[in-house]
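Participant: Below is the structure I would like to discuss, written out as structure tokens.
There are 2 protein chains.
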Amino acid sequence: MAKNLPRTMKAIGLYKYLPISDPNSLLDIEIGLPKLQKNDVLIEVKAISVNPIDTKQRAPKPVIETTPRILGWDGAGTVIKNGEKSNIFNVGDEVIFTGDLRRSGCNAQYVALNEFLVGPKPKNLTFEQSAAMPLTAVTAYESLFERLLLSNKDAGKSILVINSAGGVGSVATQIASNLGLKVIGTASRKETIDFSLSHGANIVLNHKNDLFPQLADNGYENGVDYILVNYDPYPYWDTIMQVIKPQGKICLIVDSSGLVDLKPLKDKSVTLASESMLTKIKYNTEDLFKHHEMLKEISKMLDNGQLKTTLNKILTPINAVNLKEAHKILEEKTSIGKIVLTGF
Amino acid sequence: MAKNLPRTMKAIGLYKYLPISDPNSLLDIEIGLPKLQKNDVLIEVKAISVNPIDTKQRAPKPVIETTPRILGWDGAGTVIKNGEKSNIFNVGDEVIFTGDLRRSGCNAQYVALNEFLVGPKPKNLTFEQSAAMPLTAVTAYESLFERLLLSNKDAGKSILVINSAGGVGSVATQIASNLGLKVIGTASRKETIDFSLSHGANIVLNHKNDLFPQLADNGYENGVDYILVNYDPYPYWDTIMQVIKPQGKICLIVDSSGLVDLKPLKDKSVTLASESMLTKIKYNTEDLFKHHEMLKEISKMLDNGQLKTTLNKILTPINAVNLKEAHKILEEKTSIGKIVLTGF
Numbered sequence: 001m002a003k004n005l006p007r008t009m010k011a012i013g014l015y016k017y018l019p020i021s022d023p024n025s026l027l028d029i030e031i032g033l034p035k036l037q038k039n040d041v042l043i044e045v046k047a048i049s050v051n052p053i054d055t056k057q058r059a060p061k062p063v064i065e066t067t068p069r070i071l072g073w074d075g076a077g078t079v080i081k082n083g084e085k086s087n088i089f090n091v092g093d094e095v096i097f098t099g100d101l102r103r104s105g106c107n108a109q110y111v112a113l114n115e116f117l118v119g120p121k122p123k124n125l126t127f128e129q130s131a132a133m134p135l136t137a138v139t140a141y142e143s144l145f146e147r148l149l150l151s152n153k154d155a156g157k158s159i160l161v162i163n164s165a166g167g168v169g170s171v172a173t174q175i176a177s178n179l180g181l182k183v184i185g186t187a188s189r190k191e192t193i194d195f196s197l198s199h200g201a202n203i204v205l206n207h208k209n210d211l212f213p214q215l216a217d218n219g220y221e222n223g224v225d226y227i228l229v230n231y232d233p234y235p236y237w238d239t240i241m242q243v244i245k246p247q248g249k250i251c252l253i254v255d256s257s258g259l260v261d262l263k264p265l266k267d268k269s270v271t272l273a274s275e276s277m278l279t280k281i282k283y284n285t286e287d288l289f290k291h292h293e294m295l296k297e298i299s300k301m302l303d304n305g306q307l308k309t310t311l312n313k314i315l316t317p318i319n320a321v322n323l324k325e326a327h328k329i330l331e332e333k334t335s336i337g338k339i340v341l342t343g344f
Numbered sequence: 001m002a003k004n005l006p007r008t009m010k011a012i013g014l015y016k017y018l019p020i021s022d023p024n025s026l027l028d029i030e031i032g033l034p035k036l037q038k039n040d041v042l043i044e045v046k047a048i049s050v051n052p053i054d055t056k057q058r059a060p061k062p063v064i065e066t067t068p069r070i071l072g073w074d075g076a077g078t079v080i081k082n083g084e085k086s087n088i089f090n091v092g093d094e095v096i097f098t099g100d101l102r103r104s105g106c107n108a109q110y111v112a113l114n115e116f117l118v119g120p121k122p123k124n125l126t127f128e129q130s131a132a133m134p135l136t137a138v139t140a141y142e143s144l145f146e147r148l149l150l151s152n153k154d155a156g157k158s159i160l161v162i163n164s165a166g167g168v169g170s171v172a173t174q175i176a177s178n179l180g181l182k183v184i185g186t187a188s189r190k191e192t193i194d195f196s197l198s199h200g201a202n203i204v205l206n207h208k209n210d211l212f213p214q215l216a217d218n219g220y221e222n223g224v225d226y227i228l229v230n231y232d233p234y235p236y237w238d239t240i241m242q243v244i245k246p247q248g249k250i251c252l253i254v255d256s257s258g259l260v261d262l263k264p265l266k267d268k269s270v271t272l273a274s275e276s277m278l279t280k281i282k283y284n285t286e287d288l289f290k291h292h293e294m295l296k297e298i299s300k301m302l303d304n305g306q307l308k309t310t311l312n313k314i315l316t317p318i319n320a321v322n323l324k325e326a327h328k329i330l331e332e333k334t335s336i337g338k339i340v341l342t343g344f
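Sequences listed follow chains B and S, in order. UniProt numbering puts the last residue of the first sequence at 344; the count rises by one with no breaks. UniProt numbering puts the last residue of the second sequence at 344; the count rises by one with no breaks.
Structure below.
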């Protein structure tokens, strides 16, 4: 039974796309509850996580919204209502979720989402620990299993995870390590190096310096089998072309800031995959149901300890002041793991 | 028993890298026989095939060779001697072979090759029909099975083969068609369209016109699952980004003449693989033995009719005049299937 729903809810939204230093870049607002589509669940939001996709969507541009834009595509909460044809979850189920960029996000007390973008919350984790995970874990999962096509058969092979202390990097490090791969992370500060080692990296190189000599010093003078680039690939292009092994595979999750030369790919017959967890959602692909299955699997791995939450900072409550603070940290690109906001 | 070998052999070689219109671009010469390395077989060359790699290697550049450079990495012949540790073939075996760019090629009466670059000649084909196939068939095979990772499970899916009447295109068309894929070829002249249809293309689009509306007219308005680009991808970049399906895979076998924007890859989580049949050879990869296995499989498919030779033109004998003619046709980019030279 759905509880009686309020007519309005608190949310953090924007009308103008402004620098985060501008007081109006994100605003506390009161708006109507989102409308349920037939395959949706309505979720009462308990904790939200902030990702680079939020800051990219909020980035300054000359657009004015007539209804407030609500960001946020990552969090945890409780199902409070089912859409007409939604039947995976029951009212009262505790869940984790990602989101759909074309719809209002979860920086609000309630969010409506296609049930395939929702999975069970790990029982042994808090809402905050859980909220840190969905978007980055799905991205890491798709990168490793659907793009690089890793499996247990790859045990013993090597993967270079560039920016391994970030959100996706620290989940990918854990999953690759569980598969038995040698994980070579990259970071630059003591805290990020330690964070990455604690998530299963075998070694962590300093990405402020040239990576090739560091790889050679660690016995990888013949290169690595796989590379996951959790950063603009443009400044790394020559390096990744140099250190990938013949017939190796590279996965990019961040847009390149410049045009690239594809020639070096051919000499080594390299495969370059690009990953966005939004693809299945935006194009409503036939395998969209796998998004739900991945969230279920991720939840199980978090419960049985195969995966640790990458939560590193909690801000409370969920309001414009704290959300601006989180965006600011992300834009400075110095964050470690994930930032979560909790409580209204 | 090896027959008595002559001390010298006929070959076609070059000292200077000149336009094909220059009489000295390729010369009839008489040189010593190639030296056998321990894993080599010595092959008496019966027929050779010409590929874009030959014209690229011969392309004008300010380099002068002190010993003549012999091109040619594709052909058929008879094993006449084994290297110390070579044991796959017996003297007298009829074989097909590719080649190693770092060594003297097969535009000569004899060629020495690592035995992994050699496979059995199809019994039901002539030397000429056989010589047309090794390099393009290995490239097509690796493109489809090792880069695009196609299998019988992909029956019913769609593959766009750009330039489907060329050497690799016409083999790839046959293999993809055998797997049950819908093959959409591209060509521009009546002869090339017919050639492509006769090799199994379901439809052939005109690559002189925009491909997207033609795909839409044929029921592919939502794009294709796979693309094999047997042409400079640069002028096709926007088109292939537009017509590839979400999570689709593209394989390139030709270098891009310009820098490209990787951004569109991410929106659809596209995988872009690059294929060169020289990679395993140049880097002496652990799976180099697969090169031999592929040649064996290709030979079997040619014998049992799963694959037809793409031989389209025979020039005889193997001499500088005919080789220049073949290079000239390839450089004009109007060739259909393969050109083979035969007989000394």
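Even for Gly, the Cβ is constructed at its ideal location relative to N, Cα and C. Since the model is a prediction, treat every value here as computed from it, not as a measurement.
Hey, ASN39(S) and GLY83(S) are a contact pair by Cβ (cut 8 Å); roughly how many whole angstroms apart?
Facilitator: The pair is a contact, with the Cβ atoms about 6 Å apart (cut-off 8 Å).
Participant: Applying the 10 Å Cβ sphere with the 16-neighbour rule, what's the burial state of ARG102(B)?
Facilitator: Exposed, by the Cβ-count rule.
Participant: Are the stretch 272-285 of chain S and the stretch 262-272 of chain B in contact at 8 Å, needing three or more beta carbon pairs?
Facilitator: At 8 Å Cβ cutoff, the stretches touch.
Participant: Can you check whether the C-beta of ARG147(B) is within less than 8 Å of a C-beta belonging to chain D?
Facilitator: Annotation note: the requested chain D is absent from the structure, which comprises protein chains B and S.
Participant: For LEU252(S), go through chain B and note every residue whose CB falls closer than 9 Å to its CB, in chain order.
Facilitator: The contacting residues are LEU262, LEU265, LYS266.
Participant: Whose C-beta lies closer than 8 Å to the C-beta of ILE64(S) among residues of the same chain, with five residues either side of it excluded?
Facilitator: So the qualifying residues of the chain are TYR15, LYS16.
Participant: Tell me which same chain residues have a C-beta within less than 8 Å of the C-beta of LYS153(B), skipping the five on either side of it?
Facilitator: Here the set comprises nothing.
Participant: Check the C-beta distance from residue 415(S) over to ILE12(S) and give it rounded, since I have them as a contact under 8 Å.
Facilitator: For chain S, the structure presents residues 1 to 344; residue 415(S) sits outside this window and is missing.
Participant: Whole angstroms is fine: what's the gap from ALA132(S)'s alpha carbon to ALA176(S)'s?
Facilitator: Between ALA132(S) and ALA176(S), the C-alpha separation is close to 19 Å.
Participant: In its own chain, which residues sit with a C-beta less than 7 Å from the C-beta of LYS208(B), not counting the 5 before and 5 after it?
Facilitator: Correct list, in chain order: SER188.
Participant: Suppose you measure from the CA of MET1(B) to the CA of VAL79(B); what does that come to, to the nearest Å?
Facilitator: Low per-residue confidence applies at MET1(B): pLDDT is 47, beneath 50, and the placement is therefore not dependable enough to give any value.
Participant: For GLY343(S), which residues of its own chain have a beta-carbon under 7 Å away from its beta-carbon, when the five flanking residues on both sides are left out?
Facilitator: Counting only Cβ-Cβ distances below 7 Å, and skipping sequence neighbours, we find THR316, PRO317, ILE318.
Participant: Tell me the DSSP secondary structure of PHE89(S) in three-state form.
Facilitator: Correct three-state label for PHE89(S): coil.
Participant: Thinking SER49(S) and VAL340(S) are a contact (beta carbons under 8 Å), I'd like their distance in whole angstroms, please.
Facilitator: 5 Å between Cβ atoms; contact.
Participant: Is there a C-beta anywhere in chain S that falls below 8 Å from the one on MET1(B)?
Facilitator: Model confidence at MET1(B) stands at a pLDDT of 47, short of 50, so the residue's coordinates are unreliable; what they give is reported in the following sentence. It does not: the Cβ of MET1(B) has no partner Cβ on chain S nearer than 8 Å.
Participant: The alpha helix (DSSP H) that contains PHE212(S), what's its start and end?
Facilitator: Element bounds for PHE212(S): 211-217.
Participant: Can you check whether the CB of ASN230(B) is closer than 8 Å to the CB of VAL254(B)?
Facilitator: Yes, they are a contact pair.
Participant: Closest Cβ-Cβ distance between VAL243(B) and chain S: below 8 Å?
Facilitator: With 8 Å as the cut-off, VAL243(B) does not count as an interface residue toward chain S.
Participant: Which same chain residues end up closer than 8 Å to ASP261(S) when comparing Cβ atoms and leaving out the 5 residues on each side of it in sequence?
Facilitator: Excluding sequence neighbours, ASP261(S) sits near TRP237.
Participant: Considering just the uninterrupted stretch of the beta strand (DSSP E) at GLN247(B), what are its terminal residues?
Facilitator: Its beta strand (DSSP E) spans residues 244-252.
Participant: Could you have a look at VAL118(S) and say whether DSSP puts it in helix, strand or coil?
Facilitator: DSSP places VAL118(S) in strand when its eight states are reduced to three.
Participant: If you run the structure through DSSP and keep just helix, strand and coil, what is GLU65(S)?
Facilitator: Note: GLU65(S) maps to strand in three-state DSSP.
Participant: Between which two residues does the alpha helix (DSSP H) carrying ASP267(S) extend?
Facilitator: 263-267 is the extent of the alpha helix (DSSP H) around ASP267(S).
Participant: Measure from the alpha carbon of SER256(S) to the alpha carbon of each residue in PRO246(S), PRO233(S), VAL111(S), SER104(S), then state which is nearest.
Facilitator: Minimum Cα distance to SER256(S) is reached at PRO233(S).
Participant: Does any CB atom of chain B fall closer than 8 Å to the CB of VAL171(S)?
Facilitator: No, its Cβ sits nowhere closer than 8 Å to a Cβ of chain B.
Participant: In whole angstroms, what separates the C-alpha of SER196(B) from that of SER158(B)?
Facilitator: Whole-angstrom Cα-Cα distance: 16 Å.
Participant: Flag GLU275(S) as yes if its beta-carbon sits less than 8 Å from any beta-carbon of chain B, otherwise no.
Facilitator: Closer than 8 Å: yes.
Participant: Looking at chain B, is there any beta carbon in it that lies within less than 8 Å of the beta carbon of GLN129(S)?
Facilitator: Closer than 8 Å: no.
Participant: Using the three-state DSSP reduction, which class does MET1(S) fall into: helix, strand or coil?
Facilitator: Note that MET1(S) has pLDDT 47, beneath the 50 cutoff, so the model's placement of it is unreliable and the number below is only indicative. Three-state result, MET1(S): coil.
Participant: So if DSSP puts LEU295(B) in a beta bridge, which residue, or which two residues, is it bridged to?
Facilitator: In DSSP, LEU295(B) forms no bridge with anything.
Participant: Unbroken beta strand (DSSP E) runs of length 3 or more, entirely within the stretch 141-195 of chain S: which are they?
Facilitator: If we require 3 residues or more, the beta strand (DSSP E) runs fully inside the stretch 141-195 of chain S come out as 158-162, 182-187.
Participant: Kindly indicate which residue of VAL183(S), THR309(S), LEU27(S) has the alpha-carbon position closest to the one of LEU144(S).
Facilitator: The option with the nearest alpha carbon to LEU144(S) is VAL183(S).
Participant: Spell out the partners DSSP gives VAL79(S) in its beta bridges.
Facilitator: Paired residues: ILE43(S).
Participant: Give me the residue from GLN37(B), LEU259(B), ILE20(B) with the minimum Cα distance to THR55(B).
Facilitator: The shortest C-alpha separation from THR55(B) is found at ILE20(B).
Participant: Buried or exposed for GLU146(S), please, with buried defined as at least 16 other CB atoms from any protein chain shown within 10 angstroms of its CB.
Facilitator: Result: buried.
Participant: Determine the burial state of ARG7(B): buried for a count of at least 16 other Cβ atoms within 10 Å of its Cβ, exposed for fewer.
Facilitator: Classification for ARG7(B): exposed.
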